[in-house]
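Chemist: All residue numbers for the sequence shown refer to the numbering used here, where the first residue is 26 and numbers rise by one.
Heads up, the beta-carbon is just placed ideally off N, CA and C, and yes, glycines get one too.
Computed from a predicted structure; not experimentally measured.
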Amino acid sequence: MSEELEGKHGVQSLEVGMGILKAMATGKRSMMLKDIAASAEMPPSKAHRYLVSLIRSGLVEQDPLTSRYNLGPFALNLGLVALDRLDRIRLGLSAITDLRDAVNETTALAVWSDNGPVIVRWERPRRPITVNVVTGTTLGVLGSAIGRVFAAWLPERQTEALIRRELESGKAPLGVHTMEDARSLLAGVKARGVSVISGDYVIRGVEAVAAPVFNFKNEITLVIVLVGVEGSMDMRDDGPTLTELRQAAAALSARLGAPSESAG
Numbered sequence: 026m027s028e029e030l031e032g033k034h035g036v037q038s039l040e041v042g043m044g045i046l047k048a049m050a051t052g053k054r055s056m057m058l059k060d061i062a063a064s065a066e067m068p069p070s071k072a073h074r075y076l077v078s079l080i081r082s083g084l085v086e087q088d089p090l091t092s093r094y095n096l097g098p099f100a101l102n103l104g105l106v107a108l109d110r111l112d113r114i115r116l117g118l119s120a121i122t123d124l125r126d127a128v129n130e131t132t133a134l135a136v137w138s139d140n141g142p143v144i145v146r147w148e149r150p151r152r153p154i155t156v157n158v159v160t161g162t163t164l165g166v167l168g169s170a171i172g173r174v175f176a177a178w179l180p181e182r183q184t185e186a187l188i189r190r191e192l193e194s195g196k197a198p199l200g201v202h203t204m205e206d207a208r209s210l211l212a213g214v215k216a217r218g219v220s221v222i223s224g225d226y227v228i229r230g231v232e233a234v235a236a237p238v239f240n241f242k243n244e245i246t247l248v249i250v251l252v253g254v255e256g257s258m259d260m261r262d263d264g265p266t267l268t269e270l271r272q273a274a275a276a277l278s279a280r281l282g283a284p285s286e287s288a289g
């Protein structure tokens, strides 16, 4: 068999398997083999062979008492991950727009990448003097409010290499020289629940405050940040600015399925 035919055969097999999954996803909660075969428009013997492989992969499971088939744990996990990735940016954009309207400051949304935090959306306030944020900008870990929030809640194995690089290159904030210094800084961020930087930001004359957003697995998935001209924002913990930010992050976390202890 030629490589081209082998490739086509492999794709066809995947499509058959996906047809079975689609039949199960649009059918009843649990289905008999004959019902799955009829919905997928194939003989029961053929459907059974595919179901065996789908069970091994975790995409399908079979009840040993009733012999009925249902979507398996891996299928559920795929759906939840897809939901998280699909909806989080759309919901995040709505959240930072509403927050911008509430506090009249520049708001932005960031995700984590292999190179550190990246700005994916931002909203301009309705005031004559504003701070612009460039979409696609990759920020430092220790020197930015967004980076500190991600590093405070992400596992250290995901951030350590970037942090050590900043320490070695002299890009860390004043007073932060070692990993222990960095851990102490991040512990303070986590204890406060937000990261506030004023007077020592990466851009002179700018200040920022950022808060974490969690997903259904109670993992940090986004960061919301407010950015303004230095001295323009009320940075008190109990002030309206930080209150609005915390509420926005908590509400978005709740929309993404985070446990109440994270979203609240």
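What's the C-alpha gap between Leu96 and Ser55?
Modeler: Taking the sequence shown and counting its residues from 1, the one referred to as residue 96 is at position 71. Taking the sequence shown and counting its residues from 1, the one referred to as residue 55 is at position 30. Each residue's Cα considered, the two are about 8 Å apart.
Chemist: Looking only at its own chain, which residues have a Cβ that is under 8 Å from the Cβ of Glu191, when we skip the five neighbours before and after it?
Modeler: Position 166 of the sequence shown, counted from the first residue, corresponds to residue 191. So the list reads Gly165, Val166, Leu167, Gly168 and Ala197, once near-sequence residues are dropped.
Chemist: Per DSSP, what are the beta-bridge partners of Glu232 in this structure?
Modeler: One-based indexing of the sequence shown puts residue 232 at position 207. DSSP lists Gly253 as partners of Glu232.
Chemist: Taking Phe239 and Ala283 to be in contact with their CB atoms under 8 Å, please state how far apart those CB atoms are, rounded to whole angstroms.
Modeler: For the purposes of this step, residue 239 is identified with residue 214 of the sequence shown, where counting begins at 1. For the purposes of this step, residue 283 is identified with residue 258 of the sequence shown, where counting begins at 1. Yes, Phe239 and Ala283 are in contact; Cβ-Cβ is about 4 Å, under 8 Å.
Chemist: When we look at the beta-carbon of Met204 and count the other beta-carbons within 10 Å, is it buried (16 or more) or exposed?
Modeler: Numbered from 1 along the sequence shown, position 179 holds the residue referred to as residue 204. By the 10 Å Cβ count, Met204 comes out exposed.
Chemist: State the Cα-Cα distance for the pair Thr266 and Ile222, rounded to the nearest angstrom.
Modeler: In the sequence shown, counting from the first residue as 1, residue 266 sits at position 241. In the sequence shown, counting from the first residue as 1, residue 222 sits at position 197. Each residue's alpha carbon lies about 14 Å from the other.
Chemist: Give the C-beta separation of Ile144 and Thr160 to the nearest angstrom, bearing in mind that I take them to be a contact with Cβ-Cβ under 8 Å.
Modeler: Numbered from its first residue, the sequence shown carries residue 144 at position 119. Numbered from its first residue, the sequence shown carries residue 160 at position 135. Their Cβ separation, rounded to whole angstroms, is 6 Å, which keeps Ile144 and Thr160 in contact under 8 Å.
Chemist: Drop a sphere of 10 angstroms on the beta-carbon of Ser138, count the other beta-carbons inside from all chains shown, and report buried for 16 or more, exposed for fewer.
Modeler: As a first step, residue 138 is located in the sequence shown; it is residue number 113 there, counting from the start. Burial call: exposed.
Chemist: Where does Ala212 land, buried or exposed, given buried means 16+ other C-beta within 10 angstroms?
Modeler: Numbered from its first residue, the sequence shown carries residue 212 at position 187. Ala212 is exposed by the Cβ-count criterion.
Chemist: Which residue comes first and which comes last in the beta strand (DSSP E) that contains Thr266?
Modeler: In the sequence shown, residue 266 corresponds to position 241, counting from 1. Where Thr266 is concerned, there is no enclosing beta strand (DSSP E), although the alpha helix (DSSP H) it sits in stretches over Pro265 to Arg280.
Chemist: Pick from Asp206, Ala276 and Arg146: whose alpha carbon is nearest that of Ala189?
Modeler: Taking the sequence shown and counting its residues from 1, the one referred to as residue 189 is at position 164. The question names Ala, but residue 189 in the sequence shown is Arg. The shortest C-alpha separation from Arg189 is found at Asp206.
Chemist: Am I right that Val250 and Ala170 are in contact with their C-beta atoms under 8 Å? What's the rounded C-beta distance?
Modeler: Start at 1 with the first residue of the sequence shown, and residue 250 comes out as number 225. Start at 1 with the first residue of the sequence shown, and residue 170 comes out as number 145. Indeed, because the Cβ distance is near 6 Å, the residues count as touching under 8 Å.
Chemist: Does the distance from the C-beta atom of Leu270 to that of Val214 stay below 8 Å?
Modeler: Within the sequence shown, residue 270 is the residue found at index 245, counting from 1. Within the sequence shown, residue 214 is the residue found at index 189, counting from 1. No, these two residues do not count as a Cβ contact at 8 Å.
Chemist: Give the range of the alpha helix (DSSP H) segment to which Val77 is assigned.
Modeler: The residue labelled residue 77 in the question sits at position 52 within the sequence shown. Note, Val77: alpha helix (DSSP H), Pro69 to Ser82.
Chemist: Considering Cα atoms alone, identify which of Gly141, Gly52, Glu148 and Val128 is closest to Leu134.
Modeler: Reading the sequence shown from its first residue, position 109 is the one you call residue 134. Taking only the C-alpha atoms, the option nearest Leu134 is Glu148.
Chemist: State the CB to CB distance for the pair Ala255 and Val231, rounded to an integer number of angstroms; the pair is presumed to be in contact (CB under 8 Å).
Modeler: Taking the sequence shown and counting its residues from 1, one reaches residue 255 at position 230. Taking the sequence shown and counting its residues from 1, one reaches residue 231 at position 206. As written in the sequence, residue 255 is Glu, which differs from the Ala given in the question. About 6 Å; that satisfies the 8 Å criterion.
Chemist: Tell me the residue span of the alpha helix (DSSP H) that contains Ala197.
Modeler: What you label residue 197 is simply residue 172 of the sequence shown in a count that begins at 1. Premise fails: Ala197 is in no alpha helix (DSSP H) and is neither H nor E.
Chemist: Can you tell me whether DSSP reads Thr51 as helix, strand or coil?
Modeler: By 1-based counting over the sequence shown, the position of residue 51 is 26. Three-state DSSP puts Thr51 in a helix.
Chemist: I need the DSSP call for Ala283, collapsed to helix, strand or coil.
Modeler: As a first step, residue 283 must be located in the sequence shown, where it is residue number 258. In the structure shown, Ala283 sits in coil (DSSP, three-state: anything other than H, G, I, E or B).
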